[in-house]
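See structure below.
Residue numbers (my numbering): 8 to 136.
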């Protein structure tokens, strides 16, 4: 964790962590709007896997936002946990989350975005300026 705290004090990483916090704010708001019924479909009519995902990632995203904005090691950890767990469930268990081709395409776009976010993080980590 101490290493993550040092990473968070890197000048470019400070800016990127704030950008990540804004991205995770958007993601968290999507999950919350789904739960309170403002999503494209009534929440109680969505598959149970989506409901569980909305609850878990809604909480995780909000916690990550707070930690990333404050540039805390636990915020970076939440960022990694969120992205890596989504990679796991959306690749290994894709059939439980995507029932149409459009849903699969959306999930692939999400995973592609997350790869980009991770790559930017790794580049900034390697630069260490």
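Glycine residues also receive a C-beta, built at the ideal position from the N, C-alpha and C atoms.
For residue 41, which residues in the same chain have their Cβ closer than 7 Å to its Cβ, ignoring the five residues on either side in sequence?
50, 61, listed in sequence order.
Following a CB-centred definition, is residue 21 positioned closer than 6 Å to any heavy atom of the ligand ADP?
Questions concerning the ligand ADP fall outside what the structure shown contains, since it holds no ligand whatsoever.
Report back the beta-carbon spacing between residue 135 and residue 17 to the nearest angstrom; my notes put them in contact at under 8 Å.
Correct: roughly 6 Å between the Cβ atoms.
Cutting at 7 Å between CB atoms, please list the residues of its own chain near residue 38, excluding the five before and the five after it.
Here the set comprises 61, 64, 65, 68.
By the 10 Å Cβ neighbour count, where 16 or more other Cβ atoms means buried, how is residue 33 classified, buried or exposed?
Exposed, because fewer than 16 other Cβ atoms sit within 10 Å of the Cβ of residue 33.
Between the segment 68-83 and the segment 96-107, do three or more beta carbon pairs fall short of 8 Å?
Short answer: they don't touch.
What is the DSSP secondary structure of residue 58, counted as helix, strand or coil?
Of the three classes helix, strand and coil, the one that applies to residue 58 here is helix, per DSSP.
DSSP on residue 77, reduced to helix/strand/coil?
Here residue 77 sits in coil by DSSP.
Taking the continuous alpha helix (DSSP H) assigned at residue 40, which residues delimit it?
18-42 is the extent of the alpha helix (DSSP H) around residue 40.
Mind reading off the beta-carbon distance from residue 76 to residue 111? Whole number of angstroms is fine, and I expect it under 8 Å.
Not a contact, Cβ separation roughly 32 Å.
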